[in-house]
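Inspection log for the structure reproduced underneath, given as structure tokens.
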Amino acid sequence: MPSNDLIAVIDFETTGMTPAQGARATEIAIVLLENGQIVDRFQSLMRTGVYIPSFITQLTGITNAMVAEAPDAGFVMREAARFVGNVPMVAHNASFDSKFWSAELQHAGVAAPHPFACTVLLSRRMYPEARSHSLGNIVDHLGLPRAGRAHRALADAEMAAFLLARIQHDLRERWGIAQPGHELLSGLQRCARPAVGKWLVRQVQENQPCFSKPPALGG
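So for the sequence shown, the numbering used here puts the first residue at 1315; every next one is plus one.
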């Protein structure tokens, strides 16, 4: 069984926006985050046989020649599934990455039961003062380190992990949430933004009957 604090943060680079339109993954990266620290990494280009448009190459730097020499996508995804095990997952814009995770695992003949939380939704609730919640902008807003070239899977997964670690830190320090694990994060991201403060206070009340009201969110 994985640690209750262990979360897998994932990022894909792809040939397009959605598997429903025939897009496939070109690169996957996963970092395991435990107690605010990256403890392991998985990264690979992957070969699907789907052409990479030139504008995607300009964005990511990933070429058709690069993926032609990469391991088969099915092999990569089976390795990725073994790496993750049954650890819950997080992505920045999880509605995008979760679709590719499920679709690529389906191509590989592997089940994908993993629940996803989203650092875009979480950062909107935790840092409403930020002008933008795109990964690069929210990382800069919070003064977090940039891990490498944007729009490469490992750099983006590491930056999303830094963001997740900061969110968990602020939930502990500012709100007194002792264990801001995946279940709590999933509840927080579904909370309407105007109700976030009351929702977090209720979480503290339910776990710590005697408490002082935490500071206002976004302070």
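Note that CB positions come from ideal geometry on N, CA and C, so glycine has one too.
Label A1379 either buried or exposed according to how many other C-beta atoms from any shown protein chain fall within 10 Å of its C-beta, with 16 as the threshold for buried.
exposed
Drop a sphere of 10 angstroms on the beta-carbon of G1533, count the other beta-carbons inside from all chains shown, and report buried for 16 or more, exposed for fewer.
Interpretation of G1533 is limited by its pLDDT of 34, a score under 50 that renders its predicted location unreliable; no figure is taken from the coordinates.
So, helix, strand or coil for I1481, using DSSP?
helix
Assuming S1358 and I1342 make a contact with CB atoms under 8 Å, what is their CB distance in whole Å?
6 Å
Using the three-state DSSP reduction, which class does V1353 fall into: helix, strand or coil?
strand
Determine the direct distance from the alpha carbon of S1368 to that of S1437, and round the result to whole angstroms.
32 Å
What number of angstroms, rounded off, separates the C-alpha of V1404 from the C-alpha of V1518?
23 Å
Three-state secondary structure (DSSP) of V1515
helix
Which residue's Cα is closest to the Cα of V1345: E1472, D1411, C1505 and W1489?
E1472
For D1470 and H1421, I'd like the C-alpha separation in whole angstroms.
24 Å
So what's V1424 in DSSP terms, helix, strand or just coil?
coil
From S1448, I1366 and E1348, pick the residue whose C-alpha is nearest to that of A1339; which is it?
I1366
Are the beta-carbon atoms belonging to Q1503 and L1435 less than 8 Å from one another?
yes
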